[in-house]
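K.L.:
Count along the sequence shown from 1, add 786, and you get the number used in our numbering.
First the structure, then my questions, so here it is.
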Amino acid sequence: MDWLRELAPTLLGVGLLVLITTVVAWRFRLPAPFAPVLAVLRGAAQLAAVSLILTGVIGNPLWVAAGLAVMFIAAVATSTRRIGFTRRHLADVGLAMGIGVATALVVVFATGAIEFTPRYVFAVGGIVIGNAMTVATLTGRRFGEAVIDHWEEVEGWLALGATPRQSTLTLARRAAHFALVPSIDQTKTTGLVTLPGAFVGAIFGGLSPLEAGRFQIVVLASVLAAGAIVAVTLVSALGPVRQKPVPHRS
């Protein structure tokens, strides 16, 4: 039972944090106030499973590739569900994320910015995929909401002879910009407001602060590059709107 005693402080801390989150959401009557509890339980179970799977296989390229593939598929499915699950959206999100993530990783490892080893490929790949998913979700939702809110404006452009893509171009640009704001702000405030997880993890992993900083700035640049490609590619695919879209569910 030694492992239980070691985990007790962690379980207590996480439990209190989740309780605070749930109480605040419930008191303010937010939708799905118990979603944080389910999210933490699911995340803990998934992390435990991944930790067990990765033990002893993190150096195996095939297992690393399989792990990244599972992450990518789950990320695409999650983002598509948030946008509004259709076959077209699934294809659009998959294409946008595929191009963005692949481009960023190829540049990072082809230039030698980070050593090309299974361990680093898994670490950087996982971070880039996760952030690409967030950008895709924000882009798609923001664009869909903007088209609904400004549908009369879109119809006006269409009536004047503009193509569907031209009629939503301004809205698409705003959506892409909005989706990139969190990544941009995180990059601007790194070391001043926040210490990103990759930086802290690298130090805990034995790297010097200088090497950890080098690793982190490469990761941040990768996230920005992948995010920009994802946002622009996705709104370009979603842009040709021919009829008023149906509001998606959360």
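A virtual CB, placed ideally from N, CA and C, is assigned to each residue, including glycine.
Which residue wins for smallest C-alpha separation from Ile869, given the options Arg828, Gly930, Ile806 and Pro904?
P.N.:
Taking the first residue of the sequence shown as 1, we reach residue 869 at position 83. Ile869 has its Cα closest to that of Gly930, out of Arg828, Gly930, Ile806 and Pro904.
K.L.:
Can the beta-carbon of Phe895 be found less than 8 Å from the beta-carbon of Val879?
P.N.:
Against the sequence shown, residue 895 aligns to sequence position 109. Against the sequence shown, residue 879 aligns to sequence position 93. Against a cut-off of 8 Å, the Cβ pair of Val879 and Phe895 comes out as no contact.
K.L.:
Given Pro819, which residues of its chain have a CB within under 8 Å of its CB, disregarding the five upstream and five downstream residues?
P.N.:
To locate residue 819, count along the sequence shown from 1; it is residue 33. Around Pro819: Thr808, Ala811 and Trp812.
K.L.:
For Leu848, tell me which candidate among Arg960, Leu793, Arg928 and Arg905 has the shortest Cα-Cα distance.
P.N.:
Along the sequence shown, read from residue 1 onward, the residue named residue 848 stands at position 62. Here the closest residue by C-alpha is Arg905.
K.L.:
Only counting runs of 4 or more residues, tell me where the alpha helix (DSSP H) segments fall wholly within the segment 948–999, in order along the chain.
P.N.:
You should have 950–953, 955–975 and 983–990.
K.L.:
Taking the C-alpha atoms as reference points, what is the distance between Gly1013 and Ala962?
P.N.:
Along the sequence shown, read from residue 1 onward, the residue named residue 1013 stands at position 227. Along the sequence shown, read from residue 1 onward, the residue named residue 962 stands at position 176. Distance between the alpha carbons of Gly1013 and Ala962 is about 9 Å.
K.L.:
Could you give the C-beta distance for Ser865 and Met919, rounded to a whole number, given that I count them as a contact under 8 Å?
P.N.:
Position 79 of the sequence shown, counted from the start, is the residue given in the question as residue 865. Position 133 of the sequence shown, counted from the start, is the residue given in the question as residue 919. At roughly 5 Å, the Cβ-Cβ gap stays under 8 Å, so Ser865 and Met919 are in contact.
K.L.:
Kindly list the residues whose CB is nearer than 7 Å to the CB of Val1004, restricted to its own chain and excluding five residues on each side of it in sequence; keep chain order.
P.N.:
The residue you call residue 1004 lines up with position 218 of the sequence shown. Counting only Cβ-Cβ distances below 7 Å, and skipping sequence neighbours, we find Val894, Ala899 and Ile900.
K.L.:
Ala948: which of Gly1025, Pro822 and Ala860 sits nearest, CA to CA?
P.N.:
The residue you call residue 948 lines up with position 162 of the sequence shown. Of the listed residues, the one whose Cα sits closest to Ala948 is Gly1025.
K.L.:
State whether the segment 871–889 contacts the segment 827–834, with contact taken as three or more CB pairs (one from each stretch) at a distance under 8 Å.
P.N.:
The answer is no - the segment 827–834 does not touch the segment 871–889, with fewer than three Cβ pairs under 8 Å.
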